[in-house]
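In the UniProt record's numbering, the protein residues as written are 1 to 220.
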């Protein structure tokens, strides 16, 4: 009997950062923050296949990094078979759309990567609701870029009208989802507050368990 093992495909990512004089220290990328980003990618289940760090006076309004660096990143993506690009800096929705279109692969920034990790690690109902709410709020202004990228990939003539209709439908759906998540989260917080008041009133002792990840806290 032959044993078959299946290994989950890991995303192959090129990491990109910009160090600009006009940006604050927390907004800038450097070798240390890029190393941290690589570790975050590993935690999220991805693999770093290349890095590009640019020093520039100011970010490009359209693509954040310069046009020459965009070409360099695109070549690196193609040569390394990468399926995504992750920026160490925060990107605006319009910059993310432009980069996705220029590079031909999914483009994320550090915030999106961290949200993905939170989604994997969230265990409590409140934690899961908080992460899902943050993800939808992050996604809403970026929907247009996702639809533009999809239409460009499919190359279907005559899909612009239906695509725009679907875009508006998705926007309404996400706004409703955000409102529902906020309502659910508030309900969870009210229940938790009520339980806390009851414990205090009944003088029920509270015990906290502290330990490393996967140390067996949940089992206890």
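Backbone N, C-alpha and C define an ideal beta-carbon position, used for all residues, glycine too. None of the values given here were measured: they were computed from a predicted structure.
Bridge partners - residue i, DSSP secondary structure assignment
i, result
"residue 48", "13"
"residue 56", "20"
"residue 64", "60"
"residue 107", "85"
Residue i, buried or exposed, once every other Cβ within 10 Å from all chains shown has been counted against 16
i, result
"residue 201", "exposed"
"residue 182", "exposed"
"residue 194", "exposed"
"residue 189", "exposed"
"residue 78", "exposed"
"residue 98", "buried"
"residue 100", "buried"
"residue 161", "Unreliable placement is indicated for residue 161, whose pLDDT of 43 sits below 50; no coordinate value is reported for it."
"residue 187", "exposed"
Same chain, Cβ closer than 6 Å to residue i, five either side skipped, listed in chain order
i, result
"residue 49", "12, 80, 82"
"residue 117", "43, 44"
"residue 152", "Residue confidence is low: residue 152 scores 41 on pLDDT, short of 50, so the model does not pin down where it sits. No coordinate-derived value is stated."
Own chain partners of residue i with C-beta closer than 7 Å, once the 5 adjacent residues on each side are dropped
i, result
"residue 227", "Here the chain has residues from 1 to 220 only, and residue 227 is not among them."
"residue 135", "115, 119"
"residue 178", "133, 136, 137"
"residue 34", "15, 17, 51, 53, 88"
"residue 105", "77, 82, 83, 84, 85"
Neighbourhood of residue i by C-beta distance below 8 Å, restricted to the same chain and skipping five residues each side
i, result
"residue 110", "37, 40, 86, 87, 88, 89, 90"
"residue 102", "63, 70, 74"
"residue 19", "28, 29, 30, 53, 54, 55, 56"
Residue i (DSSP reduced to helix, strand or coil)
i, result
"residue 86", "strand"
"residue 92", "coil"
"residue 30", "coil"
Given residue i as reference, the closest of the options once Cα atoms are compared
i, options, result
"residue 24", "175, 16, 196, 59", "59"
"residue 142", "22, 61, 68, 94", "94"
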